[in-house]
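Q:
Residue numbers (this note's numbering), protein chains in the order written: chain W, 1 to 369; chain C, 1001 to 1369; chain B, 2001 to 2369; chain Y, 3001 to 3369.
(1) Below 8 Å on C-beta distance, what does residue 5 of chain W contact in chain C?
(2) Taking beta-carbon pairs under 9 Å, can you tell me which members of the stretch 263–288 of chain W lie near chain Y?
(3) Indicate whether at least one CB of chain E lies closer than 7 Å to the CB of residue 1307 of chain C.
(4) Classify residue 2229 of chain B as helix, strand or coil using the three-state DSSP reduction.
(5) So with CB distances below 9 Å, who are the chain W contacts of residue 1081 of chain C?
(6) In the stretch 117–143 of chain W, which residues sit with their C-beta less than 9 Å from some C-beta in chain B, listed in chain order?
(7) Tell me, to the nearest whole angstrom, how far the beta carbon of residue 2162 of chain B is from that of residue 3259 of chain Y; I am working on the premise that it is less than 8 Å.
(8) Please determine if the stretch 1181–1195 of chain C and the stretch 1115–1125 of chain C are in contact, where contact requires at least 3 C-beta pairs separated by less than 8 Å.
(9) Which of the three DSSP states is assigned to residue 1080 of chain C in this structure?
(10) What residues of chain W sit near residue 1103 of chain C, judged by a beta carbon separation below 7 Å?
(11) For the stretch 3044–3053 of chain Y against the stretch 1044–1052 of chain C, do three or more pairs of beta-carbon atoms, one drawn from each stretch, fall closer than 8 Å, so that the two count as touching?
(12) Give the range of the alpha helix (DSSP H) segment to which residue 110 of chain W is assigned.
(13) Between which two residues does the alpha helix (DSSP H) containing residue 2349 of chain B stretch?
(14) Return the chain-ordered list of same chain residues with a C-beta closer than 8 Å to the C-beta of residue 2032 of chain B, the five sequence neighbours on each side being excluded.
(15) Can you tell me the Cβ-Cβ gap for residue 15 of chain W and residue 2081 of chain B, rounded? I've got them flagged as a contact below 8 Å.
(16) Please state if the CB of residue 1206 of chain C and the CB of residue 1302 of chain C are separated by a distance shorter than 7 Å.
(17) Whose CA, out of W/214, W/89, W/239, W/53, lies closest to the CA of residue 11 of chain W?
(18) Verify the CB distance criterion: does residue 3341 of chain Y have a CB-CB separation below 7 Å to chain B?
(19) Please list the segments of the beta strand (DSSP E) lying wholly inside the stretch 1140–1199 of chain C, counting only runs of 3 or more residues, in order along the chain.
(20) Could you tell me if residue 2188 of chain B is buried or exposed, where buried requires 16 or more neighbouring beta carbons within 10 angstroms of its beta carbon?
(21) I'd like the list of long-range same chain contacts for residue 168 of chain W, defined as Cβ closer than 6 Å, with 5 residues on each side in sequence excluded.
(22) Counting pairs of beta carbons, one from the stretch 3137–3152 of chain Y and one from the stretch 2023–2030 of chain B, are three or more of them closer than 8 Å?
(23) Which same chain residues end up closer than 6 Å to residue 3218 of chain Y when comparing Cβ atoms and leaving out the 5 residues on each side of it in sequence?
(24) Find out if the Cβ-Cβ distance for the pair residue 945 of chain C, residue 230 of chain W is shorter than 7 Å.
(25) Keeping to the same chain, check which residues put their C-beta closer than 8 Å to that of residue 290 of chain W; ignore five residues upstream and five downstream.
(26) For a contact meaning CB atoms closer than 7 Å, what does residue 1361 of chain C contact in chain W?
(27) Which term fits residue 37 of chain W, buried or exposed, when burial requires 16 or more other beta carbons within 10 angstroms of its beta carbon?
(28) Check whether the stretch 3097–3117 of chain Y and the stretch 3321–3328 of chain Y touch, using three or more Cβ-Cβ pairs below 8 Å as the test.
(29) In three-state DSSP terms, what is residue 2365 of chain B?
(30) Bridge partners of residue 370 of chain W, per DSSP?
(31) Run through chain W and tell me which residues come within less than 8 Å of residue 1110 of chain C, C-beta to C-beta.
(32) In this structure, does DSSP put residue 1213 of chain C in helix, strand or coil?
(33) Name, please, each residue of chain C whose Cβ falls closer than 9 Å to the Cβ of residue 2358 of chain B.
(34) Got a sec? Which residues, its chain only, sit under 6 Å from residue 1042 of chain C by beta carbon, not counting five neighbours each side?
(35) List in chain order: all unbroken beta strand (DSSP E) runs of 3+ residues lying wholly within the stretch 251–323 of chain W.
(36) Taking C-beta pairs closer than 8 Å, name the residues in chain Y that residue 8 of chain W reaches, listed in chain order.
Put into structure tokens, the structure is as follows:
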């Protein structure tokens, strides 16, 4: 066991359950002397809920409040482990016993029961709830604050919902400024409206939708990433598979590269303003597991929410016989909008770790006085 | 730094350079009492080179010989670290100085020079050569031997080369028995021939091709994988990004799930012969980061070999000016066939680690007498 | 940075500061299905303060209350990370600014200021306070509960205070039952009284005392400990150096073995009731870094409390000139009594980790129903 | 399992067996650009055998030759894992089967057999032989070369053998220059002669002797060490318990501090030549787990060699009955002289790791050209 920590220098430990007392994050290894407060965390936490259109997500839209419990002193990180928590408030879990034996298809109900011998907290999905991303987002807020001191900019947005995909060439500024403008977190506003319609349509039918999220990271210096196994792409992938419902990941040209010829796929090097850059960026900013200095480009595939109103086939685990289930309660018809800040956070946490590991961020941001 | 080890219980450390003395693997944490010898390693090593058609790969087809240097006693693993090495023989590196300043596009030449301040061994790609998969394959051979005691079966094959993709529904037995029959490692023999033609055609044009590899793992029990961060899919992804040229990864339905509706994507649970299974397997055998007991299905995208005979644009790193390069020497026009055993090895190493971590493999296979 | 976690399977992370909001412990990797509640934690927490004679310790005797924040469900560990906290109540820190520039001799004031660039929380010693053992004791309470399922019994006691040492041959039952009877945690009651007198005498003189603590662990099976580096003695030593003021550690005969001859030092093996035991136990239950099945015997040396009322020489760090300091405030004239439960906890946490690592404790205590 | 690596940045993995093909060390994470060659390793390796008086050690005095197998290119570390090996030559293991069932008292024979289910390599002690320090010494030679770039000086010497102890106040220069002059590695030459006599006397009687080794480290800057658990003293202790036969460790005043009063034990701070120092150094250069800038002072207790010619009581493990054993073959009557370079190496490896972790050594020593 013991898989709830990630990172080697900027070590993030996630704890808490969906319907328990709280959800929390501890970061050990954040350099001392970084200005940091609850305001920094709250900003990212608020991005989880698309208040523009709460009907796009489950009813659970009550605001989460971040609290820093340790590791920050007089407005700066102190070098001690930083603990951040959010209390759970909407935790009406009265009915979980009834469905304990009926695992929801495509959920972790069955696998977690097997793994933990039936002792895992099943209320609201326990540790397997999308709510656990609250911890990731808090750690990500700290990581972003740290990265921002070095001009590193992490920004994710919704690229597709179901079959609707933005085909517009979106500029970095547009993505940065508009990605949280629409409830679906797609900066192409015309496209966003179609996405919203499709989500509401799916909900009406008792269905759900998936989609893809793209994340772009600007200003990562060349030389970040530790071969062989702690490669930048390998560690980003590992971190991103913790965002619930992610089933695929690609960098730069990704799967499309498999169909190209070498001369099409290779990014030519060129000198631009005295710096080494590439003419194209099909490598997505990573070569040999190490950042090249070009923007890092990541795309993840998110499956449709497993919880749907339609009746489904399942089994009764106690009786070992076939059964049917209708998943009741509040459910997001599409988790992609909530995944956007979680993707940003997972990427930021990984980059903060690797920037420190590669020696680009020192152990003390700057000495006091 | 220090990223050359992977795993928490079955810990694999890779060392050696492409044109140095040797390439080697150390595995610490392999249970004691596993029958193991050089024969086991050699079998998998031999699968790297498609002897059926050596023209599909670079000229470097001399056989690699595996040696066990430590950790095996009287035919069984002893509980001590297991060290396996292969000597490098074909290491004509006379000309690397000439191109030191001209990074090959889409290679790690530039990023590794930045990262190691110019001290990295550039001969034949050094640590960034495809040859480093020899170490992975040796560790994988040990992992497979261990997994085979528990009937776990890891098998990868070429699913596509460039635009040629096998669309046949391949049975598990066919994949197991025929995957190394064709030089391109595609068990659909008709398709394999087309792939071979395309590769030779690409070579003739000074081009290269990529492709996709699918890996299927049978008989992994339900309950393997450590949430949150050491999830089975996360750790498999991390390990697979060490196979050179991998740019994308997906599990089960992968990216296609992003376009489905919930009722299409959800695998219904059912009882089959008294066991919990699912009617479909779009989850690829993993739910919530934990194995479900269904076959694990992984697909990786491999970009075309960066080394092509065609002239390309690059830069001169000393003069910081634009330049041109024609990559000479021996190069695989397509690395996909060589990636197949490396993918199997990376998957096997990860599963061995996780089977031990989850308590499914004990620290001693069985006590002596 | 990032050194606030210990263990590979039973991973304990400590957080919080002496005068911050709270002190907390997270344990990731505790097997699921262990009965556990706040009552278990409280019992050990209460042993920190020798209520029999509060004048032996600092004035800070207000009771600490343990809260389980996550990881326990319906009275059993759930397999999720277990978070336990204690709020800080007595945190009158008004005067720390005054002494910021005057490091207390033999304290961490100077080294922590250098390490964290002046950003560390200095209030009450921050992360370097003896109060941080509260976190260790909470993690230790969980570890002890786990170990108790396997009859492993961890018991420490005060062996000497200053120059007063118990020379009585104490039986295991006496140690188990009487170690917390006296305020100084010495089960030899006559000796305990002398120790108490000496501590009060030292306080009167503005002085402080150190001492030694012995820890005995019964019923650890043979075969625990991972050579080479994660040896049982090596990992116990590492854990024990986190107990404040520990400056030495020895196992079994320890330093006295350095003066013996082989025939005196070697513990002869013998069969007792069909089991392999040794006639003597100068090895302290550990051979080659692995438990032998005999009681584990550890002794630690604890220096006198650095905070004393007497005037001492120090420096002014801002002015870089010599200075004098009189440490005011509440201070323990002897930290040995408080160290006893902390030593037990550090040992228990290490053993829980190693019992799991060696495969003696499985990942699920027992399956539900 | 998997305990054969140590360190988080400068990661040393030990492999090989006493009578197997070789003994080896891999260091992952050594900065690139450090000048390093086999000459550096050989110098320290040669210090294992006191050629002045080979009769003080076992007959095995054939010279070990270090080979660098990977990680060094053109005379500098390349940033890749560094692999160093020594072949075993004197490996006459014909008779180990005879004594397999008769564990030698105070050896790891019994505990290793239990741990590895009888599969461990028993020849010459296998992984539990003193010969395994060859790997530590090779890694230590690399660490020392790295530390020497920052003027850090690690020097150990024999402080006592049996009841003979040097009471002379030895200067740092004398220790540095004379510690390998005498066969027993004691720079107090008059004392060294008495030690040698006592060892030869013990051998004649079929006995063995232990002793103590002191290690002093100069010029470690203040601020090294990661609280709470990766403290400098904790990590040094952990590393030192891998030196065979170590049963105790203390820093600075160590166990004697337990009997002092605060005013005696506290090292007063003072300004010397504009730097913060302490008037005494009973803390041994470490406060709160962090280096203070004063010399680090460590003392370890080494038990007498367990292998003695005298007949001893043991058990027959197959028959589970009492038995007797006379350990034949070559044995050191005292391992203390061989422990001296091993102690230096263990300390150097730990300091190299912590200097990198604390940010005092960067990832590239200096960029090429």
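Virtual Cβ for every residue (Gly too), placed ideally from N, Cα, C.
A: Let me lay it out:
(1) Reading the first chain from its first residue, position 5 is the one you call residue 5 of chain W. Simply 1229.
(2) none
(3) The displayed structure is made up of protein chains W, C, B and Y, and chain E is not among them.
(4) As a working note, residue 2229 of chain B is residue 229 in the third chain. Residue 2229 of chain B falls in the coil class under three-state DSSP.
(5) Position 81 of the second chain, counting from 1, holds the residue named residue 1081 of chain C. By Cβ distance, chain W contributes nothing, its closest Cβ being about 17 Å from residue 1081 of chain C, past 9 Å.
(6) 117, 118, 119, 120, 121, 122, 123, 126, 127
(7) As a first step, residue 2162 of chain B is located in the third chain; it is residue number 162 there, counting from the start. As a first step, residue 3259 of chain Y is located in the fourth chain; it is residue number 259 there, counting from the start. So it is a contact: roughly 6 Å between Cβ atoms.
(8) no
(9) The sequence position of residue 1080 of chain C within the second chain is 80, counting from 1. Coil.
(10) Residue numbering aside, residue 1103 of chain C sits at position 103 when the second chain is read from its first letter. Chain W residues near residue 1103 of chain C: 269.
(11) no
(12) For the purposes of this step, residue 110 of chain W is taken as the residue at position 110 of the first chain. Element bounds for residue 110 of chain W: 109–115.
(13) Your numbering for residue 2349 of chain B matches position 349 in the third chain. Here the alpha helix (DSSP H) through residue 2349 of chain B covers 2336–2357.
(14) Against the third chain, residue 2032 of chain B aligns to sequence position 32. Within the same chain, residue 2032 of chain B has close Cβ partners 2076, 2077, 2078, 2079, 2363, 2364, 2365.
(15) Within the first chain, numbered from 1, the residue matching residue 15 of chain W stands at position 15. Within the third chain, numbered from 1, the residue matching residue 2081 of chain B stands at position 81. With 8 Å as the limit, residue 15 of chain W and residue 2081 of chain B qualify as a contact, their Cβ atoms being about 4 Å apart.
(16) For the purposes of this step, residue 1302 of chain C is identified with residue 302 of the second chain, where counting begins at 1. For the purposes of this step, residue 1206 of chain C is identified with residue 206 of the second chain, where counting begins at 1. Not in contact: residue 1302 of chain C and residue 1206 of chain C (Cβ atoms no closer than 7 Å).
(17) Numbered from 1 along the first chain, position 11 holds the residue referred to as residue 11 of chain W. Per the Cα distances, W/239.
(18) For the purposes of this step, residue 3341 of chain Y is taken as the residue at position 341 of the fourth chain. Not an interface residue.
(19) 1153–1161
(20) Walking along the third chain from the start, residue 2188 of chain B turns up at place 188. Per the 10 Å Cβ criterion, buried.
(21) Along the first chain, one-based indexing puts residue 168 of chain W at 168. Result list for residue 168 of chain W: 188, in chain order.
(22) no
(23) As a working mapping, residue 3218 of chain Y is identified with position 218 in the fourth chain. Cβ within range, chain order: 3153, 3295.
(24) This structure cannot settle anything about residue 945 of chain C, because the visible part of chain C is limited to 1001 through 1369.
(25) Working through the first chain from its first residue, we reach residue 290 of chain W at position 290. Only 222, 223, 224, 225, 227, 231, 232 meet the Cβ criterion.
(26) Numbered from 1 along the second chain, position 361 holds the residue referred to as residue 1361 of chain C. What residue 1361 of chain C touches in chain W: nothing, since even the nearest Cβ is about 15 Å away.
(27) The sequence position of residue 37 of chain W within the first chain is 37, counting from 1. Its Cβ having fewer than 16 others within 10 Å, residue 37 of chain W is exposed.
(28) yes
(29) By one-based count along the third chain, residue 2365 of chain B stands at place 365. Coil, per DSSP.
(30) No information on residue 370 of chain W is available, as it lies outside the stretch 1 to 369 that chain W covers here.
(31) Counted from its first residue, the second chain places residue 1110 of chain C at position 110. The contacting residues are 222, 269, 276, 287, 292.
(32) As a first step, residue 1213 of chain C must be located in the second chain, where it is residue number 213. Of the three classes helix, strand and coil, the one that applies to residue 1213 of chain C here is strand, per DSSP.
(33) Mapped onto the third chain, residue 2358 of chain B falls at position 358. Neighbours of residue 2358 of chain B on chain C, chain order: 1363.
(34) Indexing the second chain from 1 puts residue 1042 of chain C at position 42. Excluding sequence neighbours, residue 1042 of chain C sits near 1066.
(35) 269–272, 275–278, 296–302, 311–316
(36) On the first chain, residue 8 of chain W is found 8 positions in, with the first residue counted as 1. In chain order: 3008.
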